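Numbering (my numbering), first residue to last: 4 to 110.
Heads up, the thing below is written out as structure tokens.
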């Protein structure tokens, strides 16, 4: 079975040992190649686990990044990624919620 491209959406959370630190969230869109959706999910799980870890910031606070949730894993919309391609799409009905969430829409 040949491998196909899959796109995953992964949500990470950064926390700190500092009580004044507000959690920071990061949404990553990653590309993996796998023979099946199950293999793709496992590859994404391993990748997300490898991204988790801790470091000290410039203030000496311990910052810990961890995978909070694998939001989605889906086969890429186009298989040929050598040229322009459609990778991933989501659908929703509540534009107001999306607008509140997405800071890049504000200008």
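Don't be surprised by glycine CBs; every beta carbon is placed ideally from N, CA and C.
Remember, it's a predicted structure, so these values are computed and weren't measured experimentally.
If you check the CB distance, residue 46 and residue 37 come in under 8 Å. Annotation for residue 103: the continuous alpha helix (DSSP H) segment containing it runs 98-104. According to the DSSP secondary-structure assignment, residue 44 is paired through a beta bridge with no residue. Non-local C-beta neighbours of residue 6 in its own chain, meaning closer than 7 Å and more than five positions away in sequence, comprise 36, 37, 38, ordered along the chain.
Under DSSP, residue 39 shares a beta bridge with no residue. For residue 14, the enclosing beta strand (DSSP E) starts and ends at 7-19.
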